[in-house]
Structure formats: structure tokens, C-alpha cells
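Chemist: Have a look at this one before I ask anything.
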Amino acid sequence: MSDGHEHNGHEHVPSRQRRRFPGISSRTYEHPADRSALVALRKLSGFDTVFKALSGLLPERSLRLLFLSDSVRVSDQQFAHLNVMLRDACYILDLEKVPPMYVNQDPQPNAMCIGLDEPIIVVTTGLVELLDEEEMRAVVGHEVGHALSGHSVYRTILLFLTSLAVRVAWIPLGNLAIMAIVTGLREWFRKSELSADRAGLLVGQDLQASMRGLMKIAGGNHLHEMNVDAFLAQAEEYEAGGDLRDSVLKILNVLPRSHPFTTVRAAELKKWAESRDYQRIMDGHYPRRDEDKDTSVRDSWRESANHYSTHVKSSKDPLMKLVTDLAGGAGDLGDRVRRGFGGFTGPSPKPQGPESGPSDPSGDDRPPRDGS
């Protein structure tokens, strides 16, 4: 646990007792889809060399100079309370080299971790002014989690490709090819955000603070007007509500985003915090980074596939229900199509054999109303 003493160059550890995780591997908190992609990339021979070669093409140096010249670097002399949080987060997650951190003048609440050679963390004034100390601690832990996982490399690539797509939009096929890569990277990055949320919880070790921070990001600094349970109920309604049309709209809405929707993040984090995996980590049972080299790519992909399979089967989303029905050989697909999109919101109609009575004239075929 943090004991208030200096360890490995980390100072100013807060007095509140928090568990520390010596040698923790980022695999401990990574979402299965995030973890499988990272394990595969780390196994690629020459991967680091290729990306370092790309650094000459990317505006990384320009970004570093920009933040150094036009933002405030966090230190003992500037934003000292953030410096304490940063060192504490690195101490808890056992990240030996503390990444530089900058505060950028921007009213939009935001934070990011970028960089190819070395990660840098940037938080906006809008975020600093919005969150209290414990909520901000979870955000700093979130960004340190990105640094420990190596997400900053791919985030930088994503920023570059997004910018490049705009520049080559006039090329008939060039833009399509780049946007296909960007779409894939965004899907991965949305999962990496769920990983970093977990890292933030391991650092802050205060689920309510993490929940409050997400609510404030969604609804602003009106905490007295918000309620965690009601906020999580929105996530439940979002997943289960509507019909097949809404399922398609959900996909279209999320495609251009680099982050999952805030209510979804809150629900995912709460579910993980209540899992046995989280409890085992807090008890000191977690993968060590010195074991990362022995990690199997095949096992990681299998775990990712199992996660998606379980998610599809347990999902209340109408489209996911359809996928499950098709996989199970459901025979009522034609009837659902005949009834239109609304047919995908209700339960499958029971087959009527010779012994079954006439259909109920009261209108059972109508989709149930919201909340039923």
C-alpha cells in the first residue's frame, strides 16, 4: 500500500491508503478485444522499429513543441496537485518513468495520452475545473493506464490518419482505404478506453468517484442534479430499447467516435468492479509484466472471441438478439421480417401446431411498449 515514502523516484504519495501493484502487467486491466490486439502487435518482429521509422512522418515532434510552448507543464511549481496525482498513479501502477503532463487551455473537458517514443499526457482546463480531486485522480490513472499499455502509439497513428484522410479526400480510392483503417483503429480504441477506465479505478480505488467523473463529463458540473443509479439506468435503456432500426442507428452513431458513450463506459466499469477478476487484483493476484513475453497470441484471440460471443448472447439489443436467433437456427425470421422492424423487439412467436388454439385476437403480435 502507499505509505507516504519515496519509492523508485516517486514522491508525494497521498496519505490515504491505496493498494499498490508492483510489476503489474497492463494485461491485468485490458479489455479482451484491446488485449488481443496488443499481444499480437507486441509479438510482431520489428514492430517497434517500423513505428519509430514512422515517427519521422508523423507530427509528434511538432505536438511536443506545441504543448511545451503553449501549455503549462505540470510540476512541483505548476499545478502541484496534479503532479502529486500523476506521481501517485505511476507509483500505484509501478510505471517507473513518469510521463510529462501538460494543462492546455480549452473549455472542453478532455484528456489524452499521445506519443510514439515516449508518452505525454495532456488535460484541458475544462476538465481540471470540472472534476474534484478524487474524480481527477481516476482520470490521471486512466491516462497512466494508456501509457502503461502503449496505447499512446496507436492513438498518435489514429490522429495522423484522421488528418491524412481529410487531405486525400479528393483521391477516389485513397480516402476509402484510409478511412477503412481509421474505422478499425477507432473500434480498437473504444475498447482501449474501457481498459483505461479500469486502470483509473485501480489507481483511484473509489468507484463512486469514477462514476461521478463520468456523469460530470456527460452532464456538466451539476452533480446535485444527477444520480448514479438513474445514470446507469440510461445505459440499460440504451442497450435494450427500440427495434432493429435503433440498433442500426447505434452503430452509425458510434462509428465516428474514438470513445464509447459515457453511460456505456459507466455501466461497463461498474460491472468490472463487481467482478471476481477485480477482487482478485485487489487481493494481489494479477499478471506480472515480466510474464508478458510468454503470452500466447492464440489464447488472447480466443479470449477476445469468447468475450464477444458472450456479449452477443447476453445482449438485450434487438440486433444482437437477431444474431443469436440466427446462430441458434431460429425458424421465425421470415415472420419477423413480414411484421417489419417492430417484429424484432418482441419475443419470438410460439409455433402453433394442430393442438394449439386460435391466435389471441387481442393483438399479441404488437411490439411491447417501452418499459415492458
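Using this note's numbering, the first residue of the sequence shown is number 138, and each one after it goes up by one.
Positions of the beta carbon are idealized from the N, C-alpha and C atoms, including for glycine.
Quick caveat: nothing in here was measured; it's all calculated off a predicted structure.
Helix, strand or coil, according to DSSP, for N241 in the structure here?
Modeler: Numbered from 1 along the sequence shown, position 104 holds the residue referred to as residue 241. Here N241 sits in strand by DSSP.
Chemist: Between which residues of its own chain and R476 is the CB-CB distance below 6 Å, once the five residues before and five after are set aside?
Modeler: Against the sequence shown, residue 476 aligns to sequence position 339. Any answer about R476 is weak, because its pLDDT of 49 lies below 50 and its placement is not dependable; what the coordinates show is given next. Exclusion of the five residues before and after R476 leaves no residue of its chain whose Cβ lies closer than 6 Å to its Cβ.
Chemist: Report the three-state DSSP secondary structure of V211 (helix, strand or coil).
Modeler: By one-based count along the sequence shown, residue 211 stands at place 74. Note: V211 maps to coil in three-state DSSP.
Chemist: Helix, strand or coil for R425, going by three-state DSSP, please let me know.
Modeler: Residue mapping note: residue 425 aligns to position 288 of the sequence shown, counting from 1. Note: R425 maps to strand in three-state DSSP.
Chemist: Looking at C-beta atoms only, is the number of pairs between the segment 346-355 and the segment 256-275 that lie closer than 8 Å three or more?
Modeler: yes
Chemist: In terms of residue numbering, what span does the alpha helix (DSSP H) encompassing V259 cover?
Modeler: Numbered from 1 along the sequence shown, position 122 holds the residue referred to as residue 259. Here V259 belongs to no alpha helix (DSSP H); instead the beta strand (DSSP E) covers 257-261.
Chemist: Is it true that the CB of A372 sits closer than 7 Å to the CB of A404?
Modeler: As a first step, residue 404 must be located in the sequence shown, where it is residue number 267. As a first step, residue 372 must be located in the sequence shown, where it is residue number 235. In contact: A404 and A372 (Cβ atoms closer than 7 Å).
Chemist: Among the residues of its own chain, which have a CB less than 6 Å from the CB of G357, if the five just before and after it don't count?
Modeler: To locate residue 357, count along the sequence shown from 1; it is residue 220. The answer is none, since no qualifying residue turns up.
Chemist: What residue range does the beta strand (DSSP E) around I251 cover?
Modeler: By 1-based counting over the sequence shown, the position of residue 251 is 114. Judged by DSSP secondary structure, I251 falls within the beta strand (DSSP E) whose first and last residues are 248-251.
Chemist: Classify N241 as buried or exposed, calling it buried when 16 or more other Cβ atoms lie within 10 Å of its own Cβ.
Modeler: For the purposes of this step, residue 241 is taken as residue 104 along the sequence shown, with counting starting at 1. The residue is buried, with at least 16 neighbouring Cβ atoms inside 10 Å.
Chemist: Is the segment 236-255 close to the segment 280-287, with three or more CB pairs under 8 Å?
Modeler: yes
Chemist: Suppose you measure from the CA of V221 to the CA of T399; what does that come to, to the nearest Å?
Modeler: Position 84 of the sequence shown holds residue 221. Position 262 of the sequence shown holds residue 399. Their Cα atoms are separated by approximately 27 Å.
Chemist: Do you know how far the Cα of R413 is from the Cα of D207?
Modeler: Locating residue 207 in the sequence shown gives position 70, where the first residue counts as 1. Locating residue 413 in the sequence shown gives position 276, where the first residue counts as 1. Rounded to whole angstroms, D207 to R413 spans 45 Å at the Cα level.
Chemist: Can you find at least 3 beta carbon pairs, one from the segment 327-337 and one from the segment 255-263, that sit closer than 8 Å?
Modeler: Per the Cβ contact rule, the segment 327-337 is not in contact with the segment 255-263 (fewer than 3 Cβ pairs under 8 Å).
Chemist: What does the alpha-carbon distance come out to for the pair Q416 and S199?
Modeler: Residue mapping note: residue 416 aligns to position 279 of the sequence shown, counting from 1. Residue mapping note: residue 199 aligns to position 62 of the sequence shown, counting from 1. Their backbone Cα atoms lie some 43 Å apart in a straight line.
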